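The next block holds one structure in the form of structure tokens; read it before the comments.
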Ligand SMILES: [Zn+2]
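Numbering (my numbering), first residue to last: 10 to 406.
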């Protein structure tokens, strides 16, 4: 298909794409409560004539459109869940109103990833409407529970095995080919709780964590040539006490560790445990473990698992990257860069399942998880064209 035809299709569908994005933003969908937005997605895929639409055990909605000749299976992936909007008073427009103004669709989840999801779903629908003149199959997966570790996509890749994955996490219509991983560690110190007026009788766990945090600050971190340095940051700090005149019996600290390829859980845990052992005081014991969460999806699927997004890097010379760059540059008529995400995505799970993965999305990283959350309508138009160009080129590889 010619470039101008792709733009004609996108222009004819853009108003519909924006209003579908609006409808998605208007339904709040915190992690574990994606049922209503999933239904909207399922209905839209059915209305667009997807060949098959189904909801899996964990609640992911998956739709497929088949081309008129054999080829590769390309899976577009976005998540249905959104992070909390926080104080609505801090927003320029109410976070779930889906206001369209100044060339943007505003609201929580617009850039992460509801705007991208609307474009993915409609792009595949357009290729079907004009006669399925492409090779292979296009899957669109709207997944659950991404913001809490990616259980949705971990379940998805057990059932669906595409040749390529395109993740709709913010890339500003450029290509991303990897990111650092995210691990959440829980450092727990047990002491001896006593009345705060007689500290000598107890063992105060705060002193252990104070020494540990100091030591952590100077710890050398691994470097990756493409992804940059691994980082670690203490985030939440909790105690088992709510009274200010009692020495707590237990304190725990959450660490956000952004790992690079080659750093596995065991090696990081050993380093943390050594730091912790060196921070102990008499009467205290300490341990470090991955933070585990019991997740329940809106369908009732339940799993206890560690909070872990694996890192990944797809080599720059991989055909998924070189061909995607050619397809996008050809269709969009400008340079498309290949870079990385700063944050972790479900791409870590698809890459870990052995599926070559990239990112392409109209979302912009600066708006993600902020009260300025919004998606550019001009970029949604480009994304409609870009998604179609990717599906056409990659299906024929
Ligand atoms: Zn996201």
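Every residue, glycine too, gets a C-beta built ideally from N, C-alpha and C.
Here the structure is a predicted model, which is why all the values come from computation and not from measurement.
Could you tell me the boundaries of the alpha helix (DSSP H) in which residue 215 lies?
Segment 214-226, the alpha helix (DSSP H) holding residue 215.
Per the DSSP calculation, residue 385 is bridged to which residue(s)?
Its beta-bridge partners are 113.
Compare the Cα-Cα distances from residue 199 to each of 403, 370, 291 and report the closest residue.
Checked all of 403, 370, 291; the closest Cα to residue 199 is 291.
Residue 399 and residue 23 closer than 8 Å at C-beta
Not a contact, by the Cβ cut-off of 8 Å.
What do you reckon, is the C-beta of residue 373 under 7 Å from a heavy atom of ligand 1?
Relative to ligand 1, even the nearest heavy atom lies 7 Å or more away from the CB of residue 373.
Beta carbon of residue 2, beta carbon of residue 68: below 8 Å?
The displayed coordinates of the chain run from 10 to 406. Any statement about residue 2 would go beyond what the structure contains.
So, is residue 43 buried or exposed, given that buried needs 16 or more other C-beta atoms within 10 angstroms?
The residue in question, residue 43, is buried, as its Cβ has 16 or more Cβ neighbours within 10 Å.
For ligand 1, which residues count as neighbours when the test is a C-beta closer than 7 Å to any heavy atom?
Residue selection by CB proximity (closer than 7 Å to any heavy atom of ligand 1) returns 88, 121, 122, 155, 156, 178, 354, 377 in chain order.
Restricting to Cα atoms, I'd like to know which of 310, 146, 404, 223 is closest to residue 154.
When each option's Cα is compared against that of residue 154, the closest is 310.
Neighbourhood of residue 172 by C-beta, 6 Å cutoff - its chain only, sequence neighbours within 5 removed:
For residue 172, where only same-chain residues beyond five positions count, the Cβ hits under 6 Å are 81, 82.
Alpha helix (DSSP H) containing residue 131: first to last residue?
Unbroken alpha helix (DSSP H) run through residue 131: 124-138.
Check whether residue 144 and residue 58 have beta carbons under 8 Å apart
The beta carbons of residue 144 and residue 58 sit no closer together than 8 Å.
Measuring straight from C-alpha to C-alpha, what distance separates residue 56 and residue 104?
Distance between the alpha carbons of residue 56 and residue 104: 27 Å.
Is the beta carbon of residue 86 closer than 8 Å to that of residue 190?
Not in contact: residue 190 and residue 86 (Cβ atoms no closer than 8 Å).
Can you name, in chain order, every residue of its own chain whose Cβ lies under 8 Å from the Cβ of residue 294, other than the five neighbours on each side?
Once the five neighbours on either side are set aside, the close Cβ partners of residue 294 are 198, 199.
Residue 329 versus residue 367: straight-line alpha-carbon distance, rounded:
One alpha carbon belongs to residue 329, the other to residue 367, and they sit about 8 Å apart.
List the endpoints of the continuous beta strand (DSSP E) containing residue 88.
The continuous beta strand (DSSP E) containing residue 88 extends over residues 78-88.
Within a Cβ cutoff of 6 Å, which residues of the same chain sit near residue 405, ignoring the five residues on either side of it in sequence?
Around residue 405: 80, 144.
Tell me the rounded alpha-carbon separation between residue 269 and residue 232.
Distance between the alpha carbons of residue 269 and residue 232: 7 Å.
Bridge partner(s) assigned by DSSP for residue 98
DSSP lists no bridge partner for residue 98.
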